[in-house]
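Enquirer:
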Amino acid sequence: MAELKDFAEQLVNLTVKEVNELATILKDEYGIEPAAAAVAVAGPAAGGDDAADEKTEFDVILTAAGSSKLAVVKLVKELTGLGLKEAKGIVDSAPAAVKEGISKDEAEGLKKSLEEAGAEVELK
């Protein structure tokens, strides 16, 4: 039991970059796609087709930093509240999620801000 508690603590303390690397390892080596699994589990419990048609949570994905990478890193730091190192990690590992599970209005606002800074962004 203590080992599981230690493992849970390690998972909670992962940086965004480490989480992205873990997701890649799970997908490439074990064929597990964490986001798809979460959607598959949550989908039927949400109430069927009607719930699937109306999306309420969005992910802001940075696809490329563009020509002004430093400005994008600073903006990601500001928007997420992360440290400079973590923000740079997100920008360097693009495509990467900047924020996940946020409202449509917030997601569109983040997208607009990032695009104004020169980044390429998509919403999922």
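Under this note's numbering, think of the first position of the sequence shown as 41, with each following residue one higher. Beta carbons: idealized from backbone N, C-alpha and C, even for Gly. Please read all numbers here as calculations on a predicted model, not as lab measurements.
Who are the Cβ neighbours of residue 157 in its own chain at under 7 Å, not counting the five residues just before and after it?
Expert: The sequence position of residue 157 within the sequence shown is 117, counting from 1. Hits under 7 Å: 108, 111, 112, 115.
Enquirer: By the DSSP assignment, the beta strand (DSSP E) with residue 72 in it spans what residues?
Expert: Here residue 72 refers to the residue found at position 32 when the sequence shown is read from its first residue. Run containing residue 72: none; DSSP gives neither H nor E here.
Enquirer: Please classify residue 150: is it buried, with 16 or more other beta-carbons within 10 angstroms of its beta-carbon, or exposed?
Expert: One-based indexing of the sequence shown puts residue 150 at position 110. Burial call: buried.
Enquirer: To the nearest angstrom, how far is it from the Cα of residue 73 to the Cα of residue 60?
Expert: Position 33 of the sequence shown, counting from 1, holds the residue named residue 73. Position 20 of the sequence shown, counting from 1, holds the residue named residue 60. About 11 Å.
Enquirer: Alpha carbon to alpha carbon, how far is residue 56 from residue 100?
Expert: Here residue 56 corresponds to residue number 16 of the sequence shown, with the count starting at 1. Here residue 100 corresponds to residue number 60 of the sequence shown, with the count starting at 1. Each residue's alpha carbon lies about 14 Å from the other.
Enquirer: What residue ranges within the segment 81 to 150 form continuous alpha helix (DSSP H) runs of no fewer than 4 residues, ordered along the chain?
Expert: 89 to 93, 109 to 120, 124 to 132
Enquirer: For residue 98, count neighbouring C-beta atoms within 10 Å of its own C-beta (all shown protein chains included) and say buried if the count is 16 or more, exposed if not.
Expert: Residue mapping note: residue 98 aligns to position 58 of the sequence shown, counting from 1. Buried is the call here.
Enquirer: Can you find the residues in the same chain that come closer than 8 Å, C-beta to C-beta, to residue 118, ignoring five residues on each side of it along the sequence?
Expert: Translated into positions along the sequence shown, residue 118 becomes position 78. For residue 118, where only same-chain residues beyond five positions count, there are no Cβ hits under 8 Å.
Enquirer: Using the beta-carbon count (16 or more within 10 Å), is residue 161 buried or exposed?
Expert: If you number the sequence shown from 1, residue 161 lands on position 121. Residue 161 comes out buried.
Enquirer: For residue 154, is the classification buried or exposed, using 16 other Cβ atoms within 10 angstroms of its Cβ as the cut-off for buried?
Expert: Taking the first residue of the sequence shown as position 1, residue 154 is located at position 114. The residue in question, residue 154, is buried, as its Cβ has 16 or more Cβ neighbours within 10 Å.
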